[in-house]
Amino acid sequence: MSSSKRKKQALVVDDSLTIRIYHSSLLRSFGFDVDMAENGMEALEKCLKKQYDLILSDINMPVMDGYEFVKKLRSYENYKLTPIVFVTTLNSETDRKKGFLAGATLYIVKPIDQEVMKNIIESIS
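If you're matching positions, the sequence shown starts at 172 in this note's numbering and goes up one per residue.
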């Protein structure tokens, strides 16, 4: 790997510490540097300070939910094309449509494992 190549940066947004740690470890196993946030507001603040290559976000979170976070993030030019994946327990067609309308690239229902994560990364690469 040449010194000009940087590690891909990912942000995991979920109000559950267990989920944040689990998703982060999966992403690290695929070579990502990972930051974590526990709600959309914290995630938005991190995104304004650093450019991420991939964002995994829950939807139901305190302070700012995933829908609002993604809508706001998509308003920034440098995040218009960034892959954003909702990883959620919300499984209805209405929730899914709302997720894509907010700006999600993919919508995955929890739980995810290493194979699902690999498919996510391959589908957005």
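Every residue gets a Cβ at the ideal spot worked out from N, C-alpha and C, and that includes glycine.
Less than 8 angstroms between C-beta atoms, sequence neighbours within five positions excluded: which residues of the same chain meet that for residue i?
i, result
"Pro238", "Sequence check: residue 238 is Tyr here, not Pro. Same-chain partners within the cutoff: Ile230, Lys269, Gly270 and Ala273."
"Leu215", "Met235, Phe240, Lys243 and Leu244"
"Asp204", "Lys178, Lys179, Gln180 and Ala181"
"Ile283", "His194, Leu197, Val258 and Ile291"
"Gln285", "Leu197 and Ser200"
"Asp206", "Gln180, Ala181, Leu182, Val183, Lys217, Lys221 and Tyr223"
Give me the Cβ distance between residue i and residue j, rounded to the nearest whole Å; I'm assuming they're in contact under 8 angstroms.
i, j, result
"Ser296", "Phe257", "About 18 angstroms separates the two Cβ atoms, so there is no contact after all."
"Ala275", "Ile255", "5 angstroms"
Less than 6 angstroms between C-beta atoms, sequence neighbours within five positions excluded: which residues of the same chain meet that for residue i?
i, result
"Ile190", "none"
"Thr260", "Lys281"
"Asp224", "Lys179 and Gln180"
"His194", "Val183 and Leu227"
"Ile192", "none"
Taking the beta strand (DSSP E) that residue i belongs to, which residues open and close that run?
i, result
"Asp266", "Where Asp266 is concerned, there is no enclosing beta strand (DSSP E), although the alpha helix (DSSP H) it sits in stretches over Glu264 to Ala273."
"Ile279", "Leu277 to Val280"
"Ser228", "Leu225 to Ser228"
"Ile255", "Ile255 to Thr259"
Taking the alpha carbon of residue i as the reference point, which residue from the options has its own alpha carbon closest?
i, options, result
"Lys217", "Ser195, Tyr193, Leu188 and Ala181", "Ala181"
"Tyr247", "Lys221, Gly202 and Gln285", "Lys221"
"Met288", "Met207, Arg199, Pro233 and Asp266", "Arg199"
"Leu211", "Leu252, Gln285 and Asp185", "Reading off the sequence, residue 211 comes out as Gly, not Leu. Of the listed residues, the one whose Cα sits closest to Gly211 is Asp185."
"Thr253", "Ser294, Glu264, Leu197 and Glu213", "Ser294"
"Leu219", "Tyr250, Arg267 and Ile192", "Tyr250"
"Ile279", "Asn262, Gln285 and Glu286", "Asn262"
Just curious, the alpha helix (DSSP H) that residue i is in, first and last residue?
i, result
"Thr189", "Leu188 to Ser200"
"Leu182", "Where Leu182 is concerned, there is no enclosing alpha helix (DSSP H), although the beta strand (DSSP E) it sits in stretches over Gln180 to Val184."
"Met235", "Run containing Met235: none; DSSP gives neither H nor E here."
Counting only the same chain and skipping the five closest in sequence on each side, list residues whose C-beta sits under 7 angstroms from that of residue i.
i, result
"Gly202", "Lys178 and Lys179"
"Pro233", "Asp186 and Asn210"
Closer than 6 angstroms: is that where the CB of residue i sits relative to any heavy atom of the ligand HEM?
i, result
"Val258", "Although the ligand HEM was asked about, the structure shown includes no ligands whatsoever."
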